[in-house]
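Notes follow once the structure below has been shown.
2 protein chains.
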Amino acid sequence: MYAVLPLMNPWADDRKAGRMTDVLKADRRVRLNRDRVLQAAVSLADEIGIDSLSMRRLAQELQVVPMALYKHVSNKEELLDGMVEAIVAEIDPPETGADWKSAVRLRVLSARRALQRHHWARRVIESRTTKTPAVLAYWDSFIGMFLEGGFSADLTHHAMHAIGGRMWGFTQELFDDPAVHAAATPVAMPPAVQSEMLQQMAELYPNIATIAALSAHDDASVVGQGCDDQFEFEFALDLLLDGFEQLHSGGWNSKLGLRGTA
Amino acid sequence: MYAVLPLMNPWADDRKAGRMTDVLKADRRVRLNRDRVLQAAVSLADEIGIDSLSMRRLAQELQVVPMALYKHVSNKEELLDGMVEAIVAEIDPPETGADWKSAVRLRVLSARRALQRHHWARRVIESRTTKTPAVLAYWDSFIGMFLEGGFSADLTHHAMHAIGGRMWGFTQELFDDPAVHAAATPVAMPPAVQSEMLQQMAELYPNIATIAALSAHDDASVVGQGCDDQFEFEFALDLLLDGFEQLHSGGWNSKLGLRGTA
DNA sequence: TACATAGGTGTACGCCGTATACTTCCGTTA
DNA sequence: TAACGGAAGTATACGGCGTACACCTATGTA
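Going line by line, the protein sequences match chains A and B.
Each residue of the first sequence is one higher than the one before, counting from 870 in the numbering used here.
Each residue of the second sequence is one higher than the one before, counting from 870 in the numbering used here.
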């Protein structure tokens, strides 16, 4: 079923081609590592669909016994997290020297392309609860585009939610949990550790920290309660409805493109 | 493990409480039916999460052997389809006599509420490929709100996609497949049958038919190719970006609400 | 050359969806 | 009122899944 000779050439026939030691040296299979596992998982999911991607099937693809994978990812959840990170890495970095609007536009379209290359990506992203460093870094740099364009932290915050709905799905609770990118330790942390983590987070993701500070400060309610989802949702919804209205009363049609009215 | 006496009172202790025939009559468990199964599935998913919802767990909840469920839904996929239909049924019907904008607004917010009551709903909806009648009927009546508000079929079409992104997730391919709500017959249909289905579809969902006819006619490309996803995506994206721009240059902040500028 | 340790293996367990074949229930009709 | 036929529920079994645990093997360093 699986390779008979561990760590050896999987093309078993080749074993006939020389003395054992030769074969051992020449044909030894490249060792696995986390990146090879993730990369293989991504392209296998592209091929056979995310529902058919199992640890066993992936192992087979890598010509390895299923349990071998667990030396590189601790379980399937972490595999999926890693696959998401791999996709985020495909998104282009922000255009330098462009105005905020075209910078944001280009970046969103790049993200969309990445998500379209892997049609399972959206569903997986939405199923993830832990935010990994790569995702946080992406959001941080995204926020930076607005801030550098002169947006207030306030408007940036809501714009991020509105855009986020387009890219990731329903309103995200990005800023809800301060312990956001720790490996979700089940034990409660002492306050000292917590504040140190916040400190560290602010260094790594300064723009996220800016936004988070604002919304924690803004509503005088319980600290760390996060955003008002309903507000965020209606904000984006009403932008769209107002847009429809303008187009409608301007007699817009799709041959004009969106610049047909103004 | 499962009920010892088939079709009998699951509270096994009660069996001591009388002659067998009495018990048989008095305590017989209500028979299952499709609705009871779906309803139980929805609230069980609410309780334990969609990932923990299995046919076996659901059967246990209904005090029945797992295979009993298969008399009412043909497999788990169909169960999930049914759960989606149950949620769509929770969305309020359109407000009568209101202008298009507030009608659409209220309806979207009602849909959002339904989706929020069942936090697993979005993910399940996105995983579904077959469009069920209840979903089609919902979309049809939704389209009707725009058309009755005087919108062109063209603008309605794009508005639906833009709103759809907010409600269901990434751009949907609603109009792609003419055989859309048939049980996805794997065998190719003779053209006569196909056109009859189209006819039937136009009667059941006249508004969808209106929109579909437009986009099939609009781009002179292959019939039935569906919408230009990229266009739909950029349409909604640019509406948002234009909105951000207006708010930004108007010095908007969130205490103003969206009417702070205009 | 020996050894610690990281990488890979084999086996086993308890879940999962569901095919098949069966028993039991119950409304209809004689 | 008895018998019958279809619908509802059951019993058993199979192959696939994620992964715990114990083990073996390869490899870089002392």
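For every residue, glycine included, the Cβ atom is placed at its ideal position computed from N, Cα and C.
Leaving out the 5 sequence neighbours to the left and right, which residues in its chain are closer than 8 Å to residue i when beta-carbon positions are compared?
i	result
G918(A)	W989
D961(B)	L975, R976 and S979
V899(B)	R905
G1126(A)	none
W969(A)	M1014, F1015, E1017, G1018, G1019 and F1020
E964(A)	S971, A972, L975 and R976
V911(B)	M952, A955, I956 and H987
V1062(B)	none
Our contact map puts residue i next to residue j with C-beta atoms below 8 Å; I'd like the distance itself, whole angstroms only.
i	j	result
V973(A)	M1014(A)	5 Å
E1101(A)	H1027(A)	6 Å
A1113(B)	H1030(B)	In the sequence on display, residue 1113(B) carries Phe and not Ala. That pair is no contact at about 20 Å.
E995(A)	R997(B)	Between R997(B) and E995(A) the Cβ distance is about 14 Å, and since that is not below 8 Å, they are no contact.
I1032(A)	L1108(B)	That pair is no contact at about 12 Å.
L1083(B)	A1022(B)	4 Å
H987(A)	D920(A)	With 8 Å as the limit, H987(A) and D920(A) do not qualify as a contact, their Cβ atoms being about 14 Å apart.
Excluding the 5 residues preceding and the 5 following residue i in the sequence, name in chain order all residues of the same chain whose CB lies nearer than 6 Å to its CB.
i	result
D931(B)	Note on residue identity: the sequence assigns Leu, not Asp, to residue 931(B). Cβ within range, chain order: A909.
N1122(A)	none
L876(B)	The pLDDT assigned to L876(B) is 40, lower than 50, so where the model puts this residue is not dependable, and the model offers no usable value.
T1001(B)	D950 and E954
E959(B)	A983
Y1074(A)	L1005 and D1009
S1064(B)	none
Relative to the C-alpha of residue i, which residue among the options is closest?
i	options	result
S971(A)	L927(B), K1124(B), D968(B) and D1111(B)	D1111(B)
A967(A)	W1121(A), E1072(A) and G1019(A)	G1019(A)
A1003(A)	D950(A), E964(A) and R982(A)	D950(A)
I1080(B)	K940(B), G1126(B) and L1024(B)	L1024(B)
M952(A)	L913(A), K1124(A) and T965(A)	L913(A)
A983(B)	D1107(B), D920(B), I956(B) and L1016(B)	I956(B)
H1117(B)	T999(A), L1016(A) and E959(A)	L1016(A)
L901(B)	D920(B), E1072(B) and K940(B)	K940(B)
K945(B)	L927(B), E959(B), A958(B) and T965(B)	L927(B)
M924(B)	M1070(B), L938(B) and D1097(B)	L938(B)
L1106(A)	M1070(B), Q1115(B), C1096(B) and G1034(B)	G1034(B)
Please return the same chain residues whose Cβ sits closer than 7 Å to the Cβ of residue i, not counting the five positions on each side in sequence.
i	result
I1077(A)	L1005, W1008, D1009 and I1012
M1036(B)	V977 and A980
V942(A)	R903, V906, L948 and G951
M1070(A)	A1078
K894(A)	In this predicted model, K894(A) has a pLDDT of only 38, less than 50, meaning its place in the structure is not dependable; the value taken from the coordinates is given anyway. If we look at K894(A) and ignore the five residues flanking it on each side, it has no Cβ neighbours.
V993(A)	I919, L949, M952 and V953
L922(A)	A910, L913 and A914
*At 4 residues or longer, and completely inside the stretch 937-979 of chain A: list those alpha helix (DSSP H) runs for me, N to C.*
945-957
*Counting only runs that start and end within the stretch 910-936 of chain B, where is the alpha helix (DSSP H) found for 4 or more residues in a row?*
924-930
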